[in-house]
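Heads up, the thing below is written out as structure tokens.
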Amino acid sequence: MGEMWNLWHGCHKKSEGCQHCYVYRRNAEFEKDSNVVTKTASFNLPIRRDRQGNWKVSSGTLMWTCFTSDFFIEEADELREEPG
Ligand code: SF4
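Under my numbering, the very last position in the sequence shown is 75; numbers go up by exactly one each time.
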């Protein structure tokens, strides 16, 4: 098992492999522009704590990330500087 973490959303079609991208297909259903990269509500998930001060994601948890974006997408560079 593991924890899913979509820290930002949005991507750009860069290759033939992106032709049938599910992100674009799903966003089209909601008339959402997939080219716009935005921070998600779970952006700071790895540094969140519960009321007792424990990390919400414990050390050693396998993290699955960027299901709806590219981790290295340029627009996210400014987000990488944010503390959370
Ligand atoms: S999410 Fe993957 S398939 Fe979709 S546009 Fe980005 S890189 Fe291409």
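A virtual CB, placed ideally from N, CA and C, is assigned to each residue, including glycine.
Since this is a predicted model, take the numbers as computed values, not measurements.
- Using a C-beta cut-off of 8 Å, the stretch -3 to 4 makes contact with the stretch 17 to 37, since at least three inter-stretch Cβ pairs fall below that distance.
- Tyr13 is positioned such that its CB atom lies no closer than 9 Å to that of Lys4.
- Thr59 places its beta carbon 9 Å or farther from that of Glu(-6).
- Secondary structure note for Glu(-6): its beta strand (DSSP E) is the uninterrupted segment -6 to -4.
- Note: Ser60 is bridge-paired with Gly1 in the DSSP secondary-structure output.
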